[in-house]
Amino acid sequence: MAEAKDAARGECRAAINSALLAANSGGAYPPAMTVTAPDLKAFLLATPFFGGLSEASLDLLISMLVERRFDAGATVVAEGEPGRSMFIVKSGRLAVSKRTHADSVIPISRLEPGDFFGEMTLIEMQNRSATVVAEAPTVLYELTAQKLYACYKADIHAYVIVLQNINRELCRRLRRSDDRFAALQKNGDH
31 MAEAKDAARG ECRAAINSAL LAANSGGAYP PAMTVTAPDL KAFLLATPFF
81 GGLSEASLDL LISMLVERRF DAGATVVAEG EPGRSMFIVK SGRLAVSKRT
131 HADSVIPISR LEPGDFFGEM TLIEMQNRSA TVVAEAPTVL YELTAQKLYA
181 CYKADIHAYV IVLQNINREL CRRLRRSDDR FAALQKNGDH
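Position in the sequence shown counted from 1, then plus 30, gives you my numbering.
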């Protein structure tokens with residue numbers, strides 16, 4: 031089961047990389063370059079967050095995204111801080127971690143192009159549950175709760191699809207956590 035998930039994720043990453051290469055002739059966007067809608071569409075259509083959206087709905091959501099750039103080592107979000115936005119990783123690599131009560135840092139996961147994070151704050155309206163730090167120069171697209179609400183008012187169908195896509199990702203993450211927990215329990219029994 032985990033192998034099938036890894037294969038699907040690999041296919042998604044390959045599609046994203048292919049879209050990036052096609053849209054940008056093989057390189058990363060220079061810092062001052064504005065991403066055009068066709069380039070952004072090609073990228074977003076290859077990510078699970080935007081799956082199932084019509085072209086008009088995708089255009090609406092593209093108009094709501096804000097590009098954010100981070101240098102290597104920059105903290106994008108910090109555990110415990112208020113959060114009212116989520117991010118889609120366009121390029122770069124990020125590390126997700128949590129702090130323990132003893133104040134040590136536990137690595138949780140890595141994020142790469144096509145992944146998204148911060149969606150939990152949009153759904154549950156709680157503080158950030160983890161810290162996310164750029165490990166390399168990173169470009170993200172931010173979608174705020176306010177913009178997502180505007181999507182709800184303008185295109186309820188697109189809003190429902192976006193929430194379904196978020197829920198699918200949350201379910202995938204929960205299943206991976208269940209698998210990790212079961213593996214830890216099994217290893218602890220031996």
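Cβ atoms here follow ideal geometry from the backbone N, Cα and C, with glycine treated the same way.
Looking at residue j and residue i, is the spacing between their C-beta atoms short of 8 angstroms?
i      : j      : result
Phe117 : Leu70  : no
Thr161 : Val119 : no
Gly148 : Gly122 : no
Ala175 : Leu152 : yes
Residues in the same chain with beta-carbon distance under 7 angstroms from residue i, minus the five sequence neighbours each way, listed in chain order, please.
i     : result
Gly81 : Asn195
May I have the straight-line CA-CA distance separating residue i from residue j, to the nearest angstrom?
i      : j      : result
Ala132 : Arg198 : 33 angstroms
Ala184 : Ser87  : 9 angstroms
Arg205 : Glu142 : 20 angstroms
Asn54  : Gln156 : Confidence at Asn54 is low in this model, with a pLDDT of 38, below 50, so its placement is unreliable and no value can be given for it.
Phe79  : Val192 : 7 angstroms
Ala125 : Ala213 : 22 angstroms
Glu97  : Ser115 : 13 angstroms
Asp101 : Ala164 : 7 angstroms
Start and end of the alpha helix (DSSP H) containing residue i?
i      : result
Ala86  : 85-94
Met155 : Counting along the chain, Met155 falls outside any alpha helix (DSSP H), and DSSP gives it neither H nor E.
Looking only at its own chain, which residues have a Cβ that is under 8 angstroms from the Cβ of residue i, when we skip the five neighbours before and after it?
i     : result
Gly57 : In this prediction, Gly57 scores a pLDDT of 37, lower than 50, which makes its location untrustworthy; the coordinate-derived value is nonetheless stated afterwards. No residues qualify anywhere along the chain.
Could you please give the first and the last residue of the uninterrupted beta strand (DSSP E) stretch that includes residue i?
i      : result
Glu172 : 168-174
Count the other CB atoms, across all protein chains shown, that sit within 10 Å of the CB of residue i; report buried if there are 16 or more and exposed otherwise.
i      : result
Cys181 : buried
Ala188 : buried
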